[in-house]
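2 protein chains.
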Amino acid sequence: VADRVVVAVDAMGGDHAPAEIVAGALQARDDGVDVLLVGDEGAIGPLLPRKASIPVRHAAEVVADGEAPAAAVRARPQASVVVAVEAVRDGAAAAVVSCGATGALMVAAVTRLGLVTGVERPAVATLLPRSDGGRVVLLDAGANVDCRPEQLLSFARLGSAYAVALGVAVPRVGLLSNGEEDGKGNQQTRAALPLLRGASGLHVVGNIEPMAAMAGGCDVLVCDGFVGNVLLKAAEGAVATVVGLLGEEVSRSPTGSLGKWLLSPAFGRFRRKIAWDAHGGALLLGVAGTVVVGHGKARAAAVRAAIGVAHRAAQHGTVAAVRAALG
Amino acid sequence: VADRVVVAVDAMGGDHAPAEIVAGALQARDDGVDVLLVGDEGAIGPLLPRKASIPVRHAAEVVADGEAPAAAVRARPQASVVVAVEAVRDGAAAAVVSCGATGALMVAAVTRLGLVTGVERPAVATLLPRSDGGRVVLLDAGANVDCRPEQLLSFARLGSAYAVALGVAVPRVGLLSNGEEDGKGNQQTRAALPLLRGASGLHVVGNIEPMAAMAGGCDVLVCDGFVGNVLLKAAEGAVATVVGLLGEEVSRSPTGSLGKWLLSPAFGRFRRKIAWDAHGGALLLGVAGTVVVGHGKARAAAVRAAIGVAHRAAQHGTVAAVRAALG
Chain A
170 VADRVVVAVD AMGGDHAPAE IVAGALQARD DGVDVLLVGD EGAIGPLLPR
220 KASIPVRHAA EVVADGEAPA AAVRARPQAS VVVAVEAVRD GAAAAVVSCG
270 ATGALMVAAV TRLGLVTGVE RPAVATLLPR SDGGRVVLLD AGANVDCRPE
320 QLLSFARLGS AYAVALGVAV PRVGLLSNGE EDGKGNQQTR AALPLLRGAS
370 GLHVVGNIEP MAAMAGGCDV LVCDGFVGNV LLKAAEGAVA TVVGLLGEEV
420 SRSPTGSLGK WLLSPAFGRF RRKIAWDAHG GALLLGVAGT VVVGHGKARA
470 AAVRAAIGVA HRAAQHGTVA AVRAALG
Chain B
170 VADRVVVAVD AMGGDHAPAE IVAGALQARD DGVDVLLVGD EGAIGPLLPR
220 KASIPVRHAA EVVADGEAPA AAVRARPQAS VVVAVEAVRD GAAAAVVSCG
270 ATGALMVAAV TRLGLVTGVE RPAVATLLPR SDGGRVVLLD AGANVDCRPE
320 QLLSFARLGS AYAVALGVAV PRVGLLSNGE EDGKGNQQTR AALPLLRGAS
370 GLHVVGNIEP MAAMAGGCDV LVCDGFVGNV LLKAAEGAVA TVVGLLGEEV
420 SRSPTGSLGK WLLSPAFGRF RRKIAWDAHG GALLLGVAGT VVVGHGKARA
470 AAVRAAIGVA HRAAQHGTVA AVRAALG
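Heads up: the protein sequence lines correspond to chains A and B, in order.
No gaps in the numbering here: position 192 of the first sequence is 361 in our numbering, and each next residue is one more.
No gaps in the numbering here: position 17 of the second sequence is 186 in our numbering, and each next residue is one more.
Next comes the structure, spelled out in structure tokens:
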């Protein structure tokens with residue numbers, strides 16, 4: 170575990186920036202995390218309580234949603250996301266969080282921090298809750314929509330290193346597929362499976378279906394970014410549907426209000442457990458620095474969670490683990 | 170609505186065949202569906218109550234799981250799945266259900282019933298519950314793992330025709346993607362979107378994310394079979410995880426048992442609503458007959474539901490609707 174780590178937060182990125190970002194940063198500060206806010210001082214200042222001990226690094230510009238990432242980062246070197254990433258490069262922070270456009274964060278991270286040797290493209294890694302109480306590292310969760318089989322192998326290495334940093338001794342790596350047999354899958358995964366099986370240092374369980382993975386069948390779930398993004402959002406959608414239906418049913422029940430009241434502590438814990446929001450941040454694996462992609466729609470609680478993810482990843486030396494696994 | 174329709178059921182296909190298949194068929198019979206059981210008379214007979222009025226058509230052979238579909242169907246013309254499909258061809262039944270290997274059912278259906286004119290490959294269409302109470306036709310849910318953009322257009326037409334048969338006047342077609350903007354998606358979907366938009370007779374809403382689709386954003390959700398299968402199983406996995414966690418939380422709550430008892434009618438309705446199992450069957454769209462792919466792990470309740478799907482599809486003339494839409 171490293172010394173006190175500072176997390177730089179892009180205060181201007183996200184649908185609810187800067188108000189909810191700053192609110193989340195204040196919550197994280199109360200959790201004991203040192204935060205460095207980056208963005209327009211004039212906009213951030215009024216959001217801070219008078220005696221807030223959160224430092225602010227001014228950044229005059231902002232990358233808007235929908236801008237071409239590479240062009241935007243090139244055109245606006247004073248954008249908050251760029252300045253926040255540079256705080257990591259300069260050593261002012263050990264990690265950075267942005268809820269702004271993923272593409273811009275990725276470009277800023279790759280150009281300012283560089284890639285870990287051996288990595289061709291970074292991948293977005295998300296932690297998915299499992300029914301056995303564990304978590305599965307899902308990657309790529311959206312950075313690379315079209316992948317060659319070799320890229321899936323690279324994701325397997327990155328994800329495995331992340332799982333080790335999270336405390337899994339020998340991470341079981343599964344290749345996301347539509348069936349378990351070796352012959353299942355599409356062209357991409359059928360070509361990738363032998364590459365994974367042939368790689369040293371990986372414990373590959375083979376093809377795995379989403380349900381088996383979520384039940385605890387693997388610690389690292391590998392897929393391309395299109396499929397990973399669909400998986401993640403389908404799971405979120407299903408949970409939202411189920412929770413909505415349950416609420417409806419409970420409120421329709423004649424004995425429902427009393428029952429609901431009696432169960433409210435259970436529902437509260439349940440809500441916190443399934444709050445995918447609370448898991449918040451996805452790690453950008455493969456860049457030479459701790460970079461967390463927050464949710465664009467993040468409100469304070471999700472921002473706080475994303476800052477927590479960044480803090481833990483920096484403390485546990487995830488980048489060093491990735492470097493060691495690939496070196 | 171057509172006359173009384175008979176549903177042929179492959180009694181020997183599925184992990185729990187023939188016992189659970191026959192049990193599900195008896196339940197469907199009690200729902201008022203005419204069922205024709207197809208399989209080994211010696212195995213089925215003892216499972217039927219003495220006075221059961223369910224006819225049995227003998228089939229001496231069985232296609233085992235994991236067999237190469239085309240070879241298996243060629244080698245064993247007396248396999249239960251083949252004989253069940255032939256009951257539709259011969260007019261003895263209006264629809265067929267099998268919980269056995271999807272590939273074998275597909276080969277049997279294509280070779281015995283043929284394809285609707287204009288269809289190149291059949292697609293598996295599943296109904297996914299939406300949080301607004303509706304259903305979205307998801308296809309392809311697993312038959313075609315690698316698809317050209319033209320195939321996605323064909324799925325859009327098939328799914329739209331199915332939605333019309335289900336009573337949706339102007340089905341809104343969405344292309345499953347990792348973002349809503351036209352530029353989002355992978356190579357396959359970016360090439361498919363303009364084809365969909367340019368097709369006459371389709372009401373295309375554009376790219377759609379899983380959460381938006383499940384919230385009611387479209388009536389038909391188009392994707393390749395690999396992605397569709399992952400989506401479906403991710404949603405199932407997430408629901409299972411959430412329901413498991415909820416049960417745990419409720420049983421841990423000190424006031425939980427009483428609350429649970431008071432809420433039990435609500436939980437019961439909820440369970441039935443989210444029982445993806447109960448939605449049971451997926452329709453094989455594009456073949457010239459009503460063919461339902463049941464779940465391999467189906468027990469009686471899911472078999473009954475799959476028979477119900479087949480019955481309704483036959484009654485509502487889904488095949489005729491597909492033919493009309495493509496003609």
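Heads up, the beta-carbon is just placed ideally off N, CA and C, and yes, glycines get one too.
> Is there contact here, the region 219 to 232 of chain B with the region 198 to 210 of chain B, by at least three beta-carbon pairs under 8 Å?
Replying inline: yes
> Comparing alpha-carbon positions, which option in B:G272, B:N313, B:G375, B:A382 lies nearest Q356 of chain A?
Replying inline: By 1-based counting over the first sequence, the position of residue 356 of chain A is 187. Taking only the C-alpha atoms, the option nearest Q356 of chain A is B:N313.
> Does any C-beta atom of chain A lie closer than 7 Å to the C-beta of E405 of chain B?
Replying inline: Within the second sequence, numbered from 1, the residue matching residue 405 of chain B stands at position 236. It does; some Cβ of chain A falls within 7 Å.
> L206 of chain B touches chain A at which residues, Cβ-Cβ below 8 Å?
Replying inline: Within the second sequence, the letter at position 37 stands for residue 206 of chain B. Here the premise fails: no neighbours, minimum Cβ distance about 28 Å.
>> Does S300 of chain B come out as helix, strand or coil in the three-state DSSP assignment?
In response: Sequence index remark: in the second sequence, residue 300 of chain B carries index 131 (1-based). S300 of chain B falls in the coil class under three-state DSSP.
>> With a threshold of 7 Å on Cβ separation, who are the neighbours of S323 of chain A within its own chain once the five nearest residues in sequence on each side are excluded?
In response: Here residue 323 of chain A refers to the residue found at position 154 of the first sequence. V288, E289, listed in sequence order.
>> Taking only three categories from DSSP, how would you classify V285 of chain A?
In response: In the first sequence, counting from the first residue as 1, residue 285 of chain A sits at position 116. Coil at V285 of chain A, not helix or strand.
>> Counting only beta-carbon separations shorter than 7 Å, does S300 of chain A have a partner in chain B?
In response: Taking the first sequence and counting its residues from 1, one reaches residue 300 of chain A at position 131. So yes, S300 of chain A belongs to the interface.
> Is D150 of chain A helix, strand or coil by DSSP?
Replying inline: Outside the displayed span of chain A (170 to 496) sits residue 150 of chain A, for which this structure offers no information.
> Can you pull the DSSP bridge partners for R341 of chain A?
Replying inline: Along the first sequence, one-based indexing puts residue 341 of chain A at 172. In the DSSP output, where bridge partners are listed per residue, R341 of chain A has A:H372.
>> By alpha-carbon positions, which one of B:D184, B:V472, B:R481 ends up nearest to V195 of chain B?
In response: As a working mapping, residue 195 of chain B is identified with position 26 in the second sequence. First, the amino acid is wrong: residue 195 of chain B is Leu here, not Val. That would be B:V472, whose Cα lies nearest to the Cα of L195 of chain B.
>> Quick check: the Cα distance between P238 of chain B and L427 of chain A, rounded to an integer number of angstroms?
In response: Translated into positions along the second sequence, residue 238 of chain B becomes position 69. Translated into positions along the first sequence, residue 427 of chain A becomes position 258. Distance between the alpha carbons of P238 of chain B and L427 of chain A: 55 Å.
> In chain order, which continuous runs of the alpha helix (DSSP H) of length 4 or greater are located wholly inside the region 461 to 495 of chain B?
Replying inline: 469 to 484, 487 to 495
> Okay, do the region 258 to 268 of chain B and the region 171 to 186 of chain B touch, 3+ Cβ pairs below 8 Å being the bar?
Replying inline: yes
> Taking a cut of 9 Å between CB atoms, which residues from the region 222 to 252 of chain A lie near chain B?
Replying inline: G235
> Quick one: Cα of L217 of chain B to Cα of V191 of chain B, how far?
Replying inline: The count along the second sequence starts at 1 and reaches residue 217 of chain B at position 48. The count along the second sequence starts at 1 and reaches residue 191 of chain B at position 22. Using only the alpha carbons, I get a separation of about 7 Å.
> Does the distance from the C-beta atom of A273 of chain A to that of V254 of chain A stay below 7 Å?
Replying inline: Position 104 of the first sequence holds residue 273 of chain A. Position 85 of the first sequence holds residue 254 of chain A. The answer is no: Cβ separation not under 7 Å.
>> Residues of the region 367 to 386 of chain B in Cβ contact with chain A at a cutoff of 9 Å, in chain order, please.
In response: E378, P379, M380, A381, A382, M383, A384
> Looking at the structure shown, is L205 of chain A part of a helix, part of a strand, or coil, going by DSSP?
Replying inline: Within the first sequence, numbered from 1, the residue matching residue 205 of chain A stands at position 36. It is a strand residue.
>> Taking only three categories from DSSP, how would you classify E378 of chain A?
In response: As a position in the first sequence, residue 378 of chain A is number 209, starting the count at 1. Note: E378 of chain A maps to coil in three-state DSSP.
> What span of residues does the alpha helix (DSSP H) with A240 of chain B cover, start to end?
Replying inline: Translated into the one-based positions of the second sequence, residue 240 of chain B becomes position 71. Looking at the DSSP string, the run of the alpha helix (DSSP H) that includes A240 of chain B is 238 to 244.
> Quick one: is the Cβ of V462 of chain B within less than 6 Å of any heavy atom of the ligand NAP?
Replying inline: Absence of the ligand NAP is noted for the structure shown, with no ligands found whatsoever.
> Alpha carbon to alpha carbon, how far is V513 of chain A from R299 of chain A?
Replying inline: Residue 513 of chain A cannot be examined here, being either before or after the span of chain A that is shown, 170 to 496.
> Do A451 of chain A and A310 of chain A have their C-beta atoms within less than 7 Å of each other?
Replying inline: Here residue 451 of chain A corresponds to residue number 282 of the first sequence, with the count starting at 1. Here residue 310 of chain A corresponds to residue number 141 of the first sequence, with the count starting at 1. Yes, they are a contact pair.
> Of the residues A:V306, A:R421, A:K353, A:M275, which one's Cα is nearest the Cα of A330 of chain A?
Replying inline: Your numbering for residue 330 of chain A matches position 161 in the first sequence. Per the Cα distances, A:V306.
> So S267 of chain A is in the alpha helix (DSSP H); what residue range does that whole segment cover?
Replying inline: Mapped onto the first sequence, residue 267 of chain A falls at position 98. Taken as a continuous stretch (DSSP letters only), S267 of chain A belongs to no alpha helix (DSSP H), being part of the beta strand (DSSP E) at 264 to 267.
>> What does the alpha-carbon distance come out to for the pair L284 of chain B and R326 of chain B?
In response: Position 115 of the second sequence, counted from the start, is the residue given in the question as residue 284 of chain B. Position 157 of the second sequence, counted from the start, is the residue given in the question as residue 326 of chain B. Rounded to whole angstroms, L284 of chain B to R326 of chain B spans 14 Å at the Cα level.
> Span of the beta strand (DSSP E) holding D326 of chain A?
Replying inline: By 1-based counting over the first sequence, the position of residue 326 of chain A is 157. Reading the sequence as shown, one finds Arg at residue 326 of chain A and not Asp. Where R326 of chain A is concerned, there is no enclosing beta strand (DSSP E), although the alpha helix (DSSP H) it sits in stretches over 318 to 334.
>> Our contact map puts L390 of chain B next to P291 of chain B with C-beta atoms below 8 Å; I'd like the distance itself, whole angstroms only.
In response: Residue mapping note: residue 390 of chain B aligns to position 221 of the second sequence, counting from 1. Residue mapping note: residue 291 of chain B aligns to position 122 of the second sequence, counting from 1. So it is not a contact: roughly 17 Å between Cβ atoms.
>> Only counting the same chain, and skipping five residues up and downstream in sequence, which positions put a Cβ closer than 7 Å to that of R359 of chain B?
In response: Counting from 1 along the second sequence, the entry for residue 359 of chain B is found at position 190. Same-chain partners within the cutoff: there are none.
> Just reading off the alpha helix (DSSP H) that V251 of chain A is part of, what are its end residues?
Replying inline: Counted from its first residue, the first sequence places residue 251 of chain A at position 82. Here the alpha helix (DSSP H) through V251 of chain A covers 249 to 258.
> Can you check whether the CB of A403 of chain A is closer than 7 Å to the CB of L400 of chain B?
Replying inline: Residue numbering aside, residue 400 of chain B sits at position 231 when the second sequence is read from its first letter. Residue numbering aside, residue 403 of chain A sits at position 234 when the first sequence is read from its first letter. Yes, these two residues count as a Cβ contact at 7 Å.
> Taking only beta-carbon atoms, is D200 of chain B less than 7 Å away from chain A?
Replying inline: Translated into the one-based positions of the second sequence, residue 200 of chain B becomes position 31. Closer than 7 Å: no.
>> Let me see if you follow: with CB-CB separation under 7 Å, is K402 of chain B close to chain A or not?
In response: On the second sequence, residue 402 of chain B is found 233 positions in, with the first residue counted as 1. Yes, contact with chain A.
> D315 of chain B touches chain A at which residues, Cβ-Cβ below 9 Å?
Replying inline: As a working mapping, residue 315 of chain B is identified with position 146 in the second sequence. By Cβ distance, chain A contributes N355, Q356, Q357.
> With 16 as the cutoff for other CB atoms within 10 Å, does D393 of chain B come out buried or exposed?
Replying inline: Here residue 393 of chain B refers to the residue found at position 224 when the second sequence is read from its first residue. So D393 of chain B counts as buried.
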